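Okay, structure first, notes after.
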Amino acid sequence: MKLYEFQAKEVLRKFDIKTPKGVMVESLEEIDEKIKDLDSHLYVVKAQVHTGGRGKAGGVKVTKNKGEIKELASKILGMKIKEHTVKKLYIEEGVNIENEIYISFLFNREEGRHGFICSNEGGMEIEEVAKKWPEKVLKMSVDPVAGFKPFHGREILSYLPYEMPVLKKLYAFANSLYRAYMESDAELLEINPLVITKEGDVIACDAKMVVNDNAVFRHKDIAAYMDRAAMDPLELEAKDADLSYVRLDGNIGCLVNGAGLAMATMDVIKNFGGDPANFLDIGGGAKADLVEKALGIIVQDKNVKAILINIFGGIVRTDEVAKGLFAAKEKFGIDLPVVIRLVGTNEEEARKMLSDHGFTAVSEMNEAIKEVIKIAG
Ligand code: GDP
Ligand code: MN
575 MKLYEFQAKE VLRKFDIKTP KGVMVESLEE IDEKIKDLDS HLYVVKAQVH
625 TGGRGKAGGV KVTKNKGEIK ELASKILGMK IKEHTVKKLY IEEGVNIENE
675 IYISFLFNRE EGRHGFICSN EGGMEIEEVA KKWPEKVLKM SVDPVAGFKP
725 FHGREILSYL PYEMPVLKKL YAFANSLYRA YMESDAELLE INPLVITKEG
775 DVIACDAKMV VNDNAVFRHK DIAAYMDRAA MDPLELEAKD ADLSYVRLDG
825 NIGCLVNGAG LAMATMDVIK NFGGDPANFL DIGGGAKADL VEKALGIIVQ
875 DKNVKAILIN IFGGIVRTDE VAKGLFAAKE KFGIDLPVVI RLVGTNEEEA
925 RKMLSDHGFT AVSEMNEAIK EVIKIAG
């Protein structure tokens with residue numbers, strides 16, 4: 575789950591990390607009231623979107639004049655940044671930048687450890703820095719059991735060219751950032767830039783945070799950050815029904831039981847030249863009502879030209895899948911072609927029910943997939 579910058583900064587403050595004072599607004603009308611408490615020689619107006627590169631896209635603007643904030647806000651609100659329409663702004667007190675540092679913790683799946691990246695060339699994209707000057711990027715990893723140790727901190731300090739008072743603050747910052755990352759179950763926590771101010775302060779001026787979806791339930795404060803309005807409505811409906819569903823851009827709607835079979839189904843469809851409209855795993859012991867809900871989600875996707883039901887009935891009873899299909903047909907009046915492959919528990923019964931309702935089911939997966947690709951065109 576991606577957090578907005580203003581939410582990530584709220585999390586950081588709980589771990590005693592310094593961030594600029596700011597307010598989030600969703601309309602021009604509320605700006606005057608909300609910025610009353612901001613008092614600085616500089617103000618920053620920032621688009622809040624679940625994507626990077628806002629600065630380049632014109633989504634971050636700085637002004638010395640408090641009276642100009644509204645005008646800047648009117649330019650950014652409603653602007654499009656990589657397919658994301660800006661509906662929220664964060665207005666902050668500006669800081670006097672002496673230097674910008676990049677620092678992040680993130681999952682390193684290959685090593686099974688927490689990766690750690692740091693560079694004194696903050697403010698720009700780290701991929702660019704790494705390409706141009708690989709020697710300017712420090713990469714390390716942290717054993718998740720042992721945690722972030724003093725030697726990690728010292729490695730960072732020996733790498734960054736600052737004097738003692740600032741180094742002390744950087745050391746404390748790195749430790750706090752690791753704690754914020756771990757205790758929030760984040761899979762990415764990136765500060766770019768971490769600003770060293772002219773006054774010698776260390777302040778997180780930008781924050782990008784992604785929390786492991788499977789751990790969000792452990793954090794009520796973070797769960798409350800979910801922006802339902804910014805989510806795909808079909809993915810949201812699936813989430814509420816406890817279905818694993820990911821929308822893709824093909825035309826074959828897929829209903830499959832088990833993540834492994836669902837992935838294999840995508841592969842085989844692609845292999846035979848087709849294009850899946852979605853990944854959908856109805857799970858291990860799905861009953862008719864869940865199958866009905868799943869089909870209800872698939873038929874709302876306007877790209878779907880044909881539906882493939884691929885069931886290997888172990889714990890899932892295939893007759894329950896058939897019942898779900900009939901219920902969905904009744905409820906949503908499905909008029910798309912449906913190709914069914916089903917084998918396993920209660921197969922005989924399911925086949926009989928299906929043929930009574932005018933459906934046929936094959937038992938061979940490749941055969942069903944070739945057929946559905948032909949129909950979907
Ligand atoms: P991003 O482009 O989405 O990464 O947005 P950032 O929040 O990182 O802001 C981009 C740039 O705006 C920063 O690297 C700074 O150069 C500048 N900026 C942001 N906040 C301030 C500030 O308080 N003072 C000044 N002078 N510049 C700022
Ligand atoms: Mn940034």
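Quick note on numbering: the sequence shown equals residues 575 to 951 in the working numbering. All C-beta atoms in this analysis are idealised placements derived from N, C-alpha and C, irrespective of residue type, glycine included. Just so you know, these numbers come straight off a predicted model, no measurement behind them.
Relative to the ligand GDP, I609 has its C-beta separated by 6 Å or more from all heavy atoms. DSSP places A631 outside both helix and strand once states are collapsed to three, so it counts as coil. At least one heavy atom of the ligand GDP sits closer than 6 Å to the Cβ of G668.
In the DSSP assignment, the residues bridged to S693 are Y676 and V711.
The criterion of a C-beta distance shorter than 7 Å is satisfied by E695 and V703.
With contacts defined by Cβ atoms closer than 7 Å, V669 and I591 do not form a contacting pair. Per DSSP, reduced to three states, the secondary structure at F791 is helical. Counting C-beta pairs closer than 8 Å gives fewer than three between the region 669-684 and the region 631-648, which falls short of the contact rule.
Within the region 601-667, the runs of beta strand (DSSP E) that reach at least 3 residues and sit entirely inside it are, in chain order, 617-621, 634-637 and 663-667.
Contact check for C828 against L910 fails: the beta carbons are separated by 7 Å or more. Comparing C-alpha distances from A868 to each of A812, Y752 and L763 shows the shortest one belongs to A812.
Taking C-beta separations shorter than 8 Å and ignoring five residues to either side along the sequence, the partners of E600 in its chain run K661, K662 and L663, following chain order. Taking E642 as reference, the option from I605, V769 and L835 with the minimal CA-CA separation is I605. Contact check between the region 829-842 and the region 771-788: fewer than three CB pairs, one atom from each, fall below 8 Å, which does not count as touching. Looking at the backbone, the Cα of K794 and that of M800 are separated by about 11 Å. Contact annotation: the region 852-865 touches the region 807-826, with at least three C-beta pairs closer than 8 Å. Taking a contact to require three or more Cβ pairs closer than 8 Å, the region 913-922 and the region 884-899 qualify as touching. Between A754 and I730, the C-beta gap is not smaller than 7 Å, which leaves the two residues out of contact.
Here G596 is bridged, per DSSP, to E666. Remark: the shortest separation between the CB of P739 and any heavy atom of the ligand GDP does not fall under 6 Å.
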